[in-house]
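Here's the structure, in structure tokens; my notes come after.
See the structure below:
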């Protein structure tokens, strides 16, 4: 075993007409049950790192929480396969955040995507995880990885909520295809700009336009396609 996120697995490597026994490093798939107020429960399949962030972000994106302040307690079973959540009702309903009208030079978008694609050492070793990054207002970058992109987005949103980072002023970068469920999470978090190396789906584009989110896809080198709210990206800089 190399760390808690991966294990060594026996494998037969086949090349042309030869086969050679060996070992490969593969990612760990961690089943997690989330019990909410002793009544509701969710089942997640994830990478076992940053589970507090995953639970917080997932419950926020599902509408169980409107802020980290409503998370009264969060604890785990000794094997960390079950999370126990209790909530504190919000004192008063608050208006949801809206994406801020930030501006991003195209050169900064390319740099953020490049940093995201090189952020995961586990991906470099195994090819078994997706990496998602959040560029903060001070231009620092936070990255999280998981078996599934939507889990990695939950982790990054959970991190921001727990550390009081204003998501409405951040940029989200993902390594692959952008589907509607990913864009729904970005909309829930009021993230103003979403960048992707891959392609968006039609519903993802519709959601981005409906929620005023800038959506850039096919970011390769110094090229991109802008599918929604292109005014936040300055191509001349």
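Residue numbers (this note's numbering): 98 to 334. For each residue, glycine too, the CB sits at the ideal point set by N, CA and C.
In the DSSP assignment, find the alpha helix (DSSP H) that holds residue 152 and state where it starts and stops.
-> 148–159
Could you tell me whether the Cβ atoms of residue 268 and residue 232 are closer together than 9 Å?
-> yes
What are the boundary residues of the beta strand (DSSP E) that includes residue 131?
-> 127–133
Under the three-state reduction of DSSP, which class applies to residue 297: helix, strand or coil?
-> strand
For residue 313, which of helix, strand or coil comes out of DSSP?
-> strand
Provide the residue span of the alpha helix (DSSP H) that contains residue 224, from first to last.
-> That residue, residue 224, is in no alpha helix (DSSP H); it is neither H nor E in DSSP.
Taking contact to mean at least 3 C-beta pairs separated by less than 8 Å, is the segment 160–168 in contact with the segment 103–120?
-> no
Can you name the start and end residues of the beta strand (DSSP E) that residue 270 belongs to?
-> 268–271
DSSP beta-bridge partners for residue 202?
-> 331
Throw me the rounded Cβ distance for the residue 244 and residue 102 pair, which I believe falls under 8 Å.
-> Going by Cβ atoms, the distance from residue 244 to residue 102 rounds to 10 Å, so no, they are not a contact pair.
Would a C-beta distance cut-off of 9 Å place residue 180 and residue 242 closer than the cut-off?
-> no
Residues of its chain near residue 125, where Cβ-Cβ distance is below 8 Å and the 5 sequence neighbours each way are ignored | 101, 102, 103, 104, 144 and 145
Could you round the C-beta distance between residue 291 and residue 316 to whole angstroms and report it? I think they count as a contact, below 8 Å.
-> Not really, about 11 Å apart at Cβ, beyond 8 Å.
With a CB to CB cut of under 7 Å and the five nearest residues on each side skipped, what residues in its chain are close to residue 304?
-> 277, 280, 281 and 284
For residue 132, which option in 111, 163 and 178 has the closest C-alpha, if you only look at C-alpha atoms?
-> 178
DSSP state of residue 281, grouped into three classes?
-> helix
Which class does residue 264 belong to by DSSP, given the choice of helix, strand or coil?
-> helix
Pick helix, strand or coil for residue 256, following the three-state DSSP scheme.
-> helix
Using alpha carbons as the reference points, say which of 185, 293, 320 and 248 lies closest to residue 141.
-> 248
Sort out for me which residues DSSP pairs residue 119 with in a bridge.
-> 108
Environment of residue 106 [buried if 16+ CB atoms lie within 10 Å] | exposed
Closest by C-alpha distance to residue 224, when choosing among 204, 195, 239 and 273 | 273
Coarse secondary structure for residue 113, derived from DSSP in three states = coil
Local Cβ density within 10 Å of residue 175, reported as buried at 16 or more and exposed below that = exposed
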